[in-house]
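In our numbering, the protein residues as written are -2 to 907.
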């Protein structure tokens, strides 16, 4: 439950509570806004033709090239003195179970005095017994000393060489590096994976007595996040297309986006991802190119895309979960962007340059990531690449590789479609036919395995281990791309746009939100995703959704006077997310895309530019797009009316056949479009409060009983056996029947029907067979701990590149095979040293890919399991071959290394 200060912050942000310290708009501002008329209005904010009003926060266009805003972030207003925190060994969430935070009231006895916590033993939750004073907030510049007793951990190191965390995982003494404190009150952070990059949160033992401490300054006004109060155009953008309309705010925001687009180009003529994000990132630049940058800056787009090609001619998957590829597989959105550049420019040399890159990358992905059982593609959610922000906490990088996500599959559908189109253009008929078939199979698989008929949209992803289930959460980018790319047919597209939940400040990345996870992808709206949602709404013909989406893009850009990366879904504020940036490339591109791809409906084909405008009635009137360059022509375009049906379209006063400009056109021309101004049929928008699901249960097995603690807000617990429901009740136990191998999970469901994630699969039944690999190859000489048997085997690009593994089973059937391994070449959340191997049978047939992601920097005594590969084995002797092949080249290249303990063999019944 929120306390007074937390509630006040939310109300301040939504404009439902006015703080006395905030400036109030003048009467002139109100009058101007009222005269201009309401474009969009909700309980959260109002959009006018020349302004945005969100409670006491006002932004206004004073001209087409100037904006003012009095926005104040609620994050700087009222902060609770109740500090929630956890301790962290090696930057991992390994002290207390989820939802079991330490708490302390930071209330100085006298102004300016340092506040100290008691000495808190690691793993023993401390809850401050004092009641929180009503209405009292955290004083500015409160200095808090946090004290930790690490002696239980150090004693375990001394006694047995390792410490066992609450998860049952062993941290060996030789792998221990540092202890941190994590939390939600700045400068604390719940971003465990990046604690190593925050030295101010590292704890130290000044006396060598096992008592660690750190002193932090909380609620520091000097660290407050603020935005500018005014923007005025200051750099030349006249060479870009110029936009004017009867809506001063939209005009000014277009010009702001143009200026930021120019600022987003580095001296080497490549795109900068954001003010706080240097360099070219594959997915960021690709989505930006699709939204606007192919149209606006095609030469920069080309150079940026080529920057993301490896020397071997492969699309680069950026650093990410578990060491990137193939835990993450959305790199092929590069292909869709490259094709967009070709359609814009008609550059045949470009097409011939990018075609082999796309072909090679998709061929690798087909071996490494395509699931023949479902027809879906494995790998992390496209762009949602911060593990616990959108996945259950129990999922390791190998589990994320195993998952099959909506957005990533939509991207692979479109990438294969694009490769087929490229091949047709270049006369490669066989390649075209093959990838048309692949694209069709992915499309069919998405609609078969991820569609939620009752909800009316697609599920977030399939996840689990041996027996996957579908997460019923909505995933905004995936829903949008499924409509925009044509994965959904026309009828289903209308259903998706009408049914996917939207919240007061926009469409959140996922819905419902995950409890206990701070805003970034979770509990957040990303403007570029909102822009893709606008494209989906336009394609589906949903005027209400399109109008709302345009308002949701304009509001933050106007109030913050920059195109921010994201903002909190709960209150619309930029300052509450874990990471944020101004001048964000894909956000500004999304704003421009509303003009180019929605209002004017620019649709590029290989030999023409087609106009498919959609102007919501709320934005009716005249608008112009001048100095618009299309290949060797310059168009000055005038658009009047509203709706999506063209009444008349002319080029230089003559009717324009097919509403399309041919690619052969040269010179400067006047193009006029008049829409019929007919109201569209009313379409539904599913507007909901920004709700959170229940927490994920943590399940144990003892004496034939599954047990779990009660989850706050849950009314029902659904028990799954092998991914299928077998029980639903309010009980906190379940008797497991005798039988063969099975996996059990539990979901918590609240009174509104919102589901938690399924708990970590708990194996029950016959024990697994283990094949000790050091009996098949020389054991490695490293002094790592925690392995079984007599040793372990190193695999790298030079060592044991081919392991022949005999497996003897008592009966024929389907088996799950996985490897116990260690990979200390990098952290869980970034870098590019995920190890990859191919598993084949003795006859050379492909069985699957074995992915061995990073598990922690130099944590070679941290052992886990790879993804399971499901295979059919015959009774008796079987031969398996684990090989390092060309397709297994990771994004690092030279370092593709892991230690293998044993092969685990489990018979399953599916």
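Backbone N, C-alpha and C fix where the C-beta goes; we use that ideal spot for every residue, glycine too.
Here the structure is a predicted model, which means the values were calculated and not measured.
Can you check DSSP and say which residues form a bridge with residue 743? Within the chain shown, residue 743 is the residue found at index 746, counting from 1. Note: residue 743 sits in a beta bridge opposite 716.
Taking only the alpha-carbon atoms, compute the straight-line gap between residue 142 and residue 577 and give it to the nearest angstrom. Your numbering for residue 142 matches position 145 in the chain shown. Your numbering for residue 577 matches position 580 in the chain shown. Cα-Cα distance, rounded: 28 Å.
Comparing alpha-carbon positions, which option in 758, 554, 734 and 678 lies nearest residue 695? Taking the first residue of the chain shown as 1, we reach residue 695 at position 698. The shortest Cα separation from residue 695 among 758, 554, 734 and 678 belongs to 758.
Is the CB-CB distance between residue 863 and residue 501 below 8 Å? The count along the chain shown starts at 1 and reaches residue 863 at position 866. The count along the chain shown starts at 1 and reaches residue 501 at position 504. Cβ distance not < 8 Å, so residue 863 and residue 501 don't count as in contact.
Does the distance from the C-beta atom of residue 550 to that of residue 591 stay below 8 Å? Residue mapping note: residue 550 aligns to position 553 of the chain shown, counting from 1. Residue mapping note: residue 591 aligns to position 594 of the chain shown, counting from 1. Cβ distance < 8 Å, so residue 550 and residue 591 count as in contact.
Are there 16 or more other CB atoms within 10 angstroms of the CB of residue 30, so buried, or fewer, so exposed? Within the chain shown, the letter at position 33 stands for residue 30. Note that residue 30 has pLDDT 37, beneath the 50 cutoff, so the model's placement of it is unreliable and no number is given.
Please identify the residue among 727, 326, 239 and 803 whose C-alpha is closest to the C-alpha of residue 280. Within the chain shown, numbered from 1, the residue matching residue 280 stands at position 283. Taking only the C-alpha atoms, the option nearest residue 280 is 326.
Euclidean distance between Cα positions of residue 615 and residue 847: By 1-based counting over the chain shown, the position of residue 615 is 618. By 1-based counting over the chain shown, the position of residue 847 is 850. Between residue 615 and residue 847, the C-alpha separation is close to 53 Å.
Is the region 113 to 125 touching the region 193 to 205, taking contact as three or more C-beta pairs under 8 Å? no
Secondary structure of residue 896, DSSP reduced to three states: Position 899 of the chain shown, counting from 1, holds the residue named residue 896. Residue 896: strand per DSSP, three-state reduction.
With residue 375 and residue 401 assumed to form a contact (beta carbons below 8 Å), what rounded beta-carbon distance in angstroms separates them? Translated into the one-based positions of the chain shown, residue 375 becomes position 378. Translated into the one-based positions of the chain shown, residue 401 becomes position 404. Contact flag correct, Cβ pair sits at about 6 Å.
Can you name the start and end residues of the beta strand (DSSP E) that residue 593 belongs to? Here residue 593 refers to the residue found at position 596 when the chain shown is read from its first residue. Where residue 593 is concerned, there is no enclosing beta strand (DSSP E), given that its DSSP letter is neither H nor E.
In this structure, does DSSP put residue 194 in helix, strand or coil? To locate residue 194, count along the chain shown from 1; it is residue 197. In the structure shown, residue 194 sits in a helix (DSSP, three-state: H, G or I).
How about residue 738 and residue 903: do their beta carbons lie closer than 8 Å? Here residue 738 corresponds to residue number 741 of the chain shown, with the count starting at 1. Here residue 903 corresponds to residue number 906 of the chain shown, with the count starting at 1. Yes, Cβ-Cβ distance for residue 738 and residue 903 is below 8 Å.
Residue 726 bridges to which residues according to DSSP? Here the question's residue 726 lines up with position 729 in the chain shown. BP columns for residue 726 point to 714.
Would the region 352 to 366 count as touching the region 310 to 327 if we require 3 or more Cβ pairs under 8 Å? yes
Would you call the region 61 to 79 and the region 245 to 252 touching, i.e. three or more CB-CB distances under 8 Å? yes
Residue 597, buried or exposed, once every other Cβ within 10 Å from all chains shown has been counted against 16: The count along the chain shown starts at 1 and reaches residue 597 at position 600. Buried, because 16 or more other Cβ atoms sit within 10 Å of the Cβ of residue 597.
Inter-residue spacing [alpha-carbon to alpha-carbon] between residue 705 and residue 815: Taking the first residue of the chain shown as 1, we reach residue 705 at position 708. Taking the first residue of the chain shown as 1, we reach residue 815 at position 818. Their backbone Cα atoms lie some 27 Å apart in a straight line.
To the nearest angstrom, how far is the alpha carbon of residue 254 from that of residue 232? On the chain shown, residue 254 is found 257 positions in, with the first residue counted as 1. On the chain shown, residue 232 is found 235 positions in, with the first residue counted as 1. Approximately 12 Å, taken between the alpha carbons.
Sub-8 Å separation of residue 372 and residue 289 beta-carbons: Along the chain shown, read from residue 1 onward, the residue named residue 372 stands at position 375. Along the chain shown, read from residue 1 onward, the residue named residue 289 stands at position 292. Result no, Cβ atoms of residue 372 and residue 289 do not sit closer than 8 Å.
Taking only three categories from DSSP, how would you classify residue 889? The sequence position of residue 889 within the chain shown is 892, counting from 1. DSSP places residue 889 in coil when its eight states are reduced to three.
Tell me which residues share the same chain as residue 519 and place their Cβ nearer than 6 Å to its Cβ, disregarding the 5 neighbours each side in the sequence. Along the chain shown, one-based indexing puts residue 519 at 522. Closer than 6 Å at Cβ, skipping near neighbours: 386, 510 and 511.
Residue 887 to residue 314, Cα distance in whole Å? In the chain shown, counting from the first residue as 1, residue 887 sits at position 890. In the chain shown, counting from the first residue as 1, residue 314 sits at position 317. So the alpha carbons of these two residues sit roughly 9 Å apart.
Taking C-beta to C-beta, are residue 575 and residue 515 nearer than 8 Å? On the chain shown, residue 575 is found 578 positions in, with the first residue counted as 1. On the chain shown, residue 515 is found 518 positions in, with the first residue counted as 1. The answer is yes: Cβ separation under 8 Å.
Please go through the same chain and pick out, in chain order, the residues whose beta-carbon is closer than 6 Å to the beta-carbon of residue 20, but skip the five residues on each side of it. For the purposes of this step, residue 20 is identified with residue 23 of the chain shown, where counting begins at 1. The predicted model places residue 20 with a pLDDT of 29, which falls under 50 and marks its position as unreliable; any figure quoted below should be read in that light. Contacts found: 67.
Kindly confirm or deny that the region 833 to 852 and the region 759 to 775 touch, where touching means at least three C-beta pairs closer than 8 Å. no
Cβ-based burial, residue 206 [other Cβ within 10 Å; buried from 16]: Taking the first residue of the chain shown as position 1, residue 206 is located at position 209. So residue 206 ends up on the exposed side.
Using DSSP with H/G/I as helix, E/B as strand and the rest coil, what is residue 478? Numbered from 1 along the chain shown, position 481 holds the residue referred to as residue 478. Looking at residue 478 - three-state DSSP - the assignment turns out to be helix.
Contact the region 157 to 166 vs the region 82 to 94: 3+ CB pairs below 8 Å: yes
Would you kindly check if the distance between the Cβ of residue 456 and the Cβ of residue 418 is under 8 Å? For the purposes of this step, residue 418 is taken as the residue at position 421 of the chain shown. For the purposes of this step, residue 456 is taken as the residue at position 459 of the chain shown. Taking 8 Å as the Cβ cut-off, residue 418 and residue 456 do not qualify as a contacting pair.
With a CB to CB cut of under 6 Å and the five nearest residues on each side skipped, what residues in its chain are close to residue 609? Position 612 of the chain shown, counting from 1, holds the residue named residue 609. If we look at residue 609 and ignore the five residues flanking it on each side, its Cβ neighbours are 598 and 600.
Are there three or more Cβ pairs, one per stretch, closer than 8 Å when the region 805 to 814 is compared with the region 874 to 888? yes
Classification of residue 690 by the beta-carbon crowding that lies within 10 angstroms, buried from 16 upward: As a working mapping, residue 690 is identified with position 693 in the chain shown. The residue in question, residue 690, is buried, as its Cβ has 16 or more Cβ neighbours within 10 Å.
What did DSSP end up calling residue 859 once you bin it into helix, strand or coil? Along the chain shown, read from residue 1 onward, the residue named residue 859 stands at position 862. Coil, per DSSP.
Residue 518 (DSSP reduced to helix, strand or coil): To locate residue 518, count along the chain shown from 1; it is residue 521. It is coil, neither helix nor strand.
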